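Asker: Pasting a structure here, questions to come.
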Amino acid sequence: MPARPARPTLTLKGKVPAPPQQVVPERPAVGAAATSSPRVEPVEVVPTPKPAPIAPAAATDAPAKSARPFRPWAQSRVPSTAGPAILARAQTLNALLVAPIGVLPAALGDPLRPFQVGLGPEILARRRPEVAVNVCERAIRDYVRSFSYRHAVAQPGSMRCDLDGNPVEPVSEKDRHDMQRNCEVDRERTRQRKAAAALAAAAISAEAVGPAEDAASSGP
131 MPARPARPTL TLKGKVPAPP QQVVPERPAV GAAATSSPRV EPVEVVPTPK PAPIAPAAAT
191 DAPAKSARPF RPWAQSRVPS TAGPAILARA QTLNALLVAP IGVLPAALGD PLRPFQVGLG
251 PEILARRRPE VAVNVCERAI RDYVRSFSYR HAVAQPGSMR CDLDGNPVEP VSEKDRHDMQ
311 RNCEVDRERT RQRKAAAALA AAAISAEAVG PAEDAASSGP
């Protein structure tokens, strides 16, 4: 098959238009610009006053109070004897056992004896058949968590006792110091609660006295 002849390219005859010329705006003469611009008045610059320096803290300011360091007890604070509260807990625990145990106080004023380490399972083994383990465990916790018992453990020279109340070993220094810190924290909390209660009572008393005085002063 014969090849097709190439098509001729058409060209337009005539002048090619020239690109548009950029119009550059004329700059005004220097003299004319000076005469046409408005006159600018000089502005007086007022310096900004510097802030006064901050005075340092007075040298007589009291320093912040630091926490009082712990000091081990050199001697027994008060006798560790059974009061009404811990005696009631001891009686509750004894009531769960087949027979009372000698390590617990039996009357007011009896000495409080710290338990020998590992004495809990021996006490549980003495519980009555109808008593559940968790009930007996709760009674043991209530007794050993009392302030009076912890205070007995914290005493210098305190001894741990067996089930019958016989001393078998001294309380370790770590356990004794831990209980001393624990007792001091409890005492401070008790002191703060009493102080807050006294302030609240004083405020209530002042509110009650105020209306009564007003009524008395406004009477005939």
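Here our numbering is used: the first residue of the sequence shown is 131, the next is one more, and so on.
Glycine included, each C-beta is placed from N, C-alpha and C at the ideal position.
Note that the structure is a prediction, hence the values are computed from the model and not measured.
Verify whether the separation of the beta carbon atoms of V298 and Q246 is less than 8 Å.
Answerer: Here residue 298 refers to the residue found at position 168 when the sequence shown is read from its first residue. Here residue 246 refers to the residue found at position 116 when the sequence shown is read from its first residue. In contact: V298 and Q246 (Cβ atoms closer than 8 Å).
Asker: Quick one: Cα of A189 to Cα of A269, how far?
Answerer: As a working note, residue 189 is residue 59 in the sequence shown. As a working note, residue 269 is residue 139 in the sequence shown. Only weak support exists for where A189 lies, its pLDDT of 40 falling under 50; the value from the coordinates is given anyway. So the two alpha carbons sit approximately 57 Å from each other.
Asker: List in chain order: all unbroken alpha helix (DSSP H) runs of 4+ residues lying wholly within the segment 214 to 257.
Answerer: 214 to 225, 250 to 255
Asker: Report yes if the CB atom of M309 is closer than 8 Å to the CB atom of V274, and no otherwise.
Answerer: As a working mapping, residue 309 is identified with position 179 in the sequence shown. As a working mapping, residue 274 is identified with position 144 in the sequence shown. Not in contact: M309 and V274 (Cβ atoms no closer than 8 Å).
Asker: With a threshold of 8 Å on Cβ separation, who are the neighbours of S276 within its own chain once the five nearest residues in sequence on each side are excluded?
Answerer: To locate residue 276, count along the sequence shown from 1; it is residue 146. Excluding residues within five positions, the ones whose Cβ falls inside 8 Å are A215, I216, R219.
Asker: Taking the straight line between their C-alpha atoms, what separation do you get for V261 and I253?
Answerer: The residue given as residue 261 occupies position 131 in the sequence shown. The residue given as residue 253 occupies position 123 in the sequence shown. Distance between the alpha carbons of V261 and I253 is about 12 Å.
Asker: Name the one or two DSSP bridge partners that P297 has.
Answerer: The residue labelled residue 297 in the question sits at position 167 within the sequence shown. The partner list for P297 (beta bridge, DSSP) reads C291.
Asker: What number of angstroms, rounded off, separates the C-alpha of V263 from the C-alpha of P286?
Answerer: Here residue 263 refers to the residue found at position 133 of the sequence shown. Here residue 286 refers to the residue found at position 156 of the sequence shown. Straight-line Cα distance between these residues: approximately 34 Å.
Asker: Between G239 and A338, what straight-line distance do the alpha-carbon atoms span, to the nearest angstrom?
Answerer: Translated into the one-based positions of the sequence shown, residue 239 becomes position 109. Translated into the one-based positions of the sequence shown, residue 338 becomes position 208. Straight-line Cα distance between these residues: approximately 43 Å.
Asker: Please identify the residue among L329, V265, A325 whose C-alpha is closest to the C-alpha of L226.
Answerer: Sequence index remark: in the sequence shown, residue 226 carries index 96 (1-based). Ranking the options by Cα distance to L226, first place goes to V265.
Asker: Look at the alpha carbon of A255 and the alpha carbon of R280, and state the distance between them as a whole number of angstroms.
Answerer: For the purposes of this step, residue 255 is taken as the residue at position 125 of the sequence shown. For the purposes of this step, residue 280 is taken as the residue at position 150 of the sequence shown. Approximately 24 Å between the Cα atoms of the pair.
Asker: Closest to A237 by C-alpha separation, out of P244, P251, A212, P230, would be which residue?
Answerer: Within the sequence shown, the letter at position 107 stands for residue 237. The candidate whose alpha carbon is nearest that of A237 is A212.
Asker: Just to confirm, are D272 and G232 a CB contact at a threshold of 8 Å?
Answerer: Working through the sequence shown from its first residue, we reach residue 272 at position 142. Working through the sequence shown from its first residue, we reach residue 232 at position 102. Their beta carbons are not under 8 Å apart, which means D272 does not touch G232 by this criterion.
Asker: Would you grab the beta carbon distance between S210 and P241 for me? Rounded to a whole angstrom, and I think it's under 8 Å.
Answerer: Locating residue 210 in the sequence shown gives position 80, counting from the first residue. Locating residue 241 in the sequence shown gives position 111, counting from the first residue. With 8 Å as the limit, S210 and P241 qualify as a contact, their Cβ atoms being about 7 Å apart.
Asker: What does DSSP give as the partner residues of T211 in its beta bridges?
Answerer: Residue mapping note: residue 211 aligns to position 81 of the sequence shown, counting from 1. P241.
Asker: What whole-angstrom Cβ distance do S288 and P235 have, given they're in contact under 8 Å?
Answerer: Counted from its first residue, the sequence shown places residue 288 at position 158. Counted from its first residue, the sequence shown places residue 235 at position 105. Not a contact, Cβ separation roughly 15 Å.
Asker: Does E260 come out as helix, strand or coil in the three-state DSSP assignment?
Answerer: Counted from its first residue, the sequence shown places residue 260 at position 130. In this structure, E260 counts as coil in the three-state DSSP scheme.
Asker: Alpha carbon to alpha carbon, what distance is there between R323 and S335?
Answerer: Residue numbering aside, residue 335 sits at position 205 when the sequence shown is read from its first letter. Residue numbering aside, residue 323 sits at position 193 when the sequence shown is read from its first letter. Spanning the two alpha carbons is a distance of roughly 18 Å.
Asker: Leaving out five residues before and five after A194 in sequence, what residues of the same chain have Cβ atoms less than 8 Å from its Cβ?
Answerer: Taking the first residue of the sequence shown as position 1, residue 194 is located at position 64. No answer about A194 holds up, because its pLDDT of 43 lies below 50 and its placement is not dependable.
Asker: Could you tell me the distance, in whole angstroms, from the CA atom of L223 to the CA atom of N296?
Answerer: One-based indexing of the sequence shown puts residue 223 at position 93. One-based indexing of the sequence shown puts residue 296 at position 166. Distance between the alpha carbons of L223 and N296 is about 19 Å.
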